[in-house]
Amino acid sequence: MSLSTNYPVYQAFMTLLANESDAVFLAKLFDAMLTDKEQAEIAKRLQIFALLQQGLPQREIAERLCVGIATVSRGAKAYQVNQVANLLPNLQAVLANHLPKTSG
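Heads up: the sequence shown begins at 813 in my numbering, then just goes up one per residue.
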């Protein structure tokens with residue numbers, strides 16, 4: 813069951829985000845709501861998703877992002893269960909300049 817089903821406030825927040833187009837406002841909002849560590853974790857998860865879209869093996873993703881294989885495995889499970897490829901089909905292209913290159 814999703815959070816939005818259990819928490820109407822969360823659903824209202826999702827509606828607010830969906831209706832907002834000001835990137836500066838959204839950045840300030842997320843700065844207020846999330847710690848630096850939480851923001852970094854979201855960024856890392858997005859990088860994992862993008863590298864999965866490239867078809868990279870989980871071990872290579874872990875090496876490129878300097879994270880544990882368990883972190884990538886959790887991201888891969890979320891990617892698959894939530895059909896992120898359908899939700900964010902252009903993520904790889906959007907993040908292309910923000911993804912680590914091969915180390916070799």
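Glycine residues also receive a C-beta, built at the ideal position from the N, C-alpha and C atoms.
Taking 3 residues as the shortest admissible run, the stretch 825-888 contains no complete beta strand (DSSP E) segment at all. Going by beta carbons, LEU911 and GLN865 fall outside the 8 angstroms limit.
By the 16-neighbour rule on beta-carbons within 10 angstroms, VAL884 is buried.
A Cβ-Cβ distance of about 6 angstroms is found for the pair GLN870 and ALA888, placing them in contact under the 8 angstroms criterion.
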